[in-house]
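Remarks on the structure that follows.
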Amino acid sequence: MLVAYNTSTTEQRNDYVIVDSTLHTKGSTLQFLYGSDGTIPIQSHPDPGNPSLFVQLTLEPMQFVILQ
4 MLVAYNTSTT
14 EQRNDYVIVD
24 STLHTKGSTL
34 QFLYGSDGTI
44 PIQSHPDPGN
54 PSLFVQLTLE
64 PMQFVILQ
């Protein structure tokens, strides 16, 4: 479960959020349950030595999302 909120009242945000690599794999997706539609892909760090996985979120001002 991932919950994200853009607290700005005027600015869009583009953020990269780390996800747990024991629960997710590169190329799998998270589904929006609230605040948007569809899915977003789980990506890996461009440095092969860095095992981090993340999702990239673009949130409008005051947008709140829940993904699973």
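Numbering (the numbering used here), first residue to last: 4 to 71. Heads up, the beta-carbon is just placed ideally off N, CA and C, and yes, glycines get one too. Quick caveat, the model's predicted, so the values are computed rather than measured.
Nearest residue (CA-CA) to residue i, options the options
i, options, result
"residue 40", "70, 7, 4", "70"
"residue 49", "10, 29, 18", "29"
"residue 68", "57, 37, 47, 51", "37"
"residue 57", "22, 27, 7", "22"
Identified DSSP bridge partners for residue i
i, result
"residue 17", "61"
"residue 26", "Answer by DSSP bridge pairing: none, since residue 26 is not bridged."
"residue 43", "33"
Alpha carbon of residue i to alpha carbon of residue j, nearest angstrom
i, j, result
"residue 13", "residue 61", "14 Å"
"residue 53", "residue 44", "18 Å"
"residue 32", "residue 42", "6 Å"
Burial state of residue i, where buried means 16 or more other Cβ atoms lie within 10 Å
i, result
"residue 9", "buried"
Whole-angstrom C-beta distance between residue j and residue i, which should lie under 8 Å
i, j, result
"residue 64", "residue 15", "7 Å"
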